[in-house]
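S.K.: Here's a structure for you.
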Amino acid sequence: MSYKIRKIVALFLVFAAPLLLVSCARTWDGKRGGRVSGHASGRGPGDKGGVQKEILRPSETNYAMNLPARNASMAVVEDGKKLLDKGECEQALGKFHDAVLIDNSNGVAYYYLAKTHVCLKNYSTALGILDKAASLFANLPQWIEAVELLKKDIEEKMADTSNTSKPL
Numbered sequence: 001m002s003y004k005i006r007k008i009v010a011l012f013l014v015f016a017a018p019l020l021l022v023s024c025a026r027t028w029d030g031k032r033g034g035r036v037s038g039h040a041s042g043r044g045p046g047d048k049g050g051v052q053k054e055i056l057r058p059s060e061t062n063y064a065m066n067l068p069a070r071n072a073s074m075a076v077v078e079d080g081k082k083l084l085d086k087g088e089c090e091q092a093l094g095k096f097h098d099a100v101l102i103d104n105s106n107g108v109a110y111y112y113l114a115k116t117h118v119c120l121k122n123y124s125t126a127l128g129i130l131d132k133a134a135s136l137f138a139n140l141p142q143w144i145e146a147v148e149l150l151k152k153d154i155e156e157k158m159a160d161t162s163n164t165s166k167p168l
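The opening position of the sequence shown corresponds to residue 1 in our numbering, with each subsequent residue numbered one higher.
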């Protein structure tokens, strides 16, 4: 898929998909507001008439992870990870930057954007981006640990760079 088509699809997912979801939320009984209960007749046990409505509740999973923008952003992150694994840091940088533009609350995109800056030896930029990632991972200890490990790695590389650049 070309870059322009991917961008159009991402924009569709961000803006149009939520509207489609709302229109699809009109229920199986053809009315707005709830779905028909589990009985074939549309009546619940002991119901003497009318259609009994059941309230739909969000699942226990992180609701933000199910947003169309997050899904589109994560798809772009996956493309960037493949490029980063191949050592194509410049191309990966573009992918992660696009992922952040699609969903600026995606901590994973910021984490890999920072990792790409490490690949390009932009250590101070990477540290700043990791701060943003850490703030987005406030309740995810496994990601906080990954951010801290990458920060230590960057600080070691910065120390090595400053030690080798100093004259003896």
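All C-beta atoms, glycine included, are put in the ideal place defined by N, C-alpha and C.
For Lys151, which residues from the same chain have a beta carbon less than 6 angstroms from its beta carbon, with the 5 sequence-adjacent residues on both sides left out?
M.R.: So the qualifying residues of the chain are Leu130.
S.K.: Report the option in Glu156, Phe96 and Ile144 whose CA atom is closest to the CA atom of Ala124.
M.R.: Correcting the residue identity first, residue 124 is Ser in this sequence and not Ala. The candidate whose alpha carbon is nearest that of Ser124 is Glu156.
S.K.: Assign Asn106 to one of two classes, buried (16 or more other C-beta atoms within 10 Å of its C-beta) or exposed (fewer than that).
M.R.: Classification of Asn106: buried, given that the 10 Å Cβ count is 16 or more.
S.K.: Alpha carbon to alpha carbon, how far is Leu140 from Tyr111?
M.R.: One C-alpha to the other measures close to 13 angstroms.
S.K.: Spell out whether any CB of chain D is found under 8 angstroms from the CB atom of Asp160.
M.R.: The structure shown contains no chain D; it is built from a single protein chain.
S.K.: Does the Cβ of Asp103 lie closer than 7 angstroms to at least one heavy atom of the ligand SAH?
M.R.: In the structure shown, the ligand SAH is absent, as is every other ligand, since no ligand is present at all.
S.K.: Would you say Ala109 and Val147 are within 8 angstroms of each other, going by their C-beta atoms?
M.R.: Not closer than 8 angstroms, so no.
S.K.: Whole angstroms are fine: how far does the CA of Leu120 sit from the CA of Gln91?
M.R.: If I take the Cα positions, the gap works out to 11 angstroms.
S.K.: Taking Cβ positions, are Ala133 and Ile102 nearer each other than 8 angstroms?
M.R.: Not in contact: Ala133 and Ile102 (Cβ atoms no closer than 8 angstroms).
S.K.: State the DSSP-derived secondary structure class of Lys151, mapped to helix, strand or coil.
M.R.: In the structure shown, Lys151 sits in a helix (DSSP, three-state: H, G or I).
S.K.: Exposed or buried, Gln154, counting other C-beta atoms within 10 Å across all chains shown (16 or more means buried)?
M.R.: It is worth fixing the name first, because residue 154 is Ile in this sequence and not Gln. Buried, because 16 or more other Cβ atoms sit within 10 Å of the Cβ of Ile154.
S.K.: Taking 8 angstroms as the cut-off, decide whether the C-beta atoms of Ala114 and Ala99 are in contact.
M.R.: Contact flag unset, no.
S.K.: What's the gap between the Cα of Trp143 and the Cα of Lys95?
M.R.: Using only the alpha carbons, I get a separation of about 20 angstroms.
S.K.: Using beta-carbon positions only, say whether Thr116 and Leu149 come within less than 8 angstroms of one another.
M.R.: Going by C-beta atoms, Thr116 is not nearer than 8 angstroms to Leu149.
S.K.: Which class does Lys132 belong to by DSSP, given the choice of helix, strand or coil?
M.R.: Looking at Lys132 - three-state DSSP - the assignment turns out to be helix.
S.K.: How should Ala138 be labelled, buried or exposed, when 16 other C-beta atoms within 10 angstroms of its C-beta is the threshold for buried?
M.R.: Its Cβ having fewer than 16 others within 10 Å, Ala138 is exposed.
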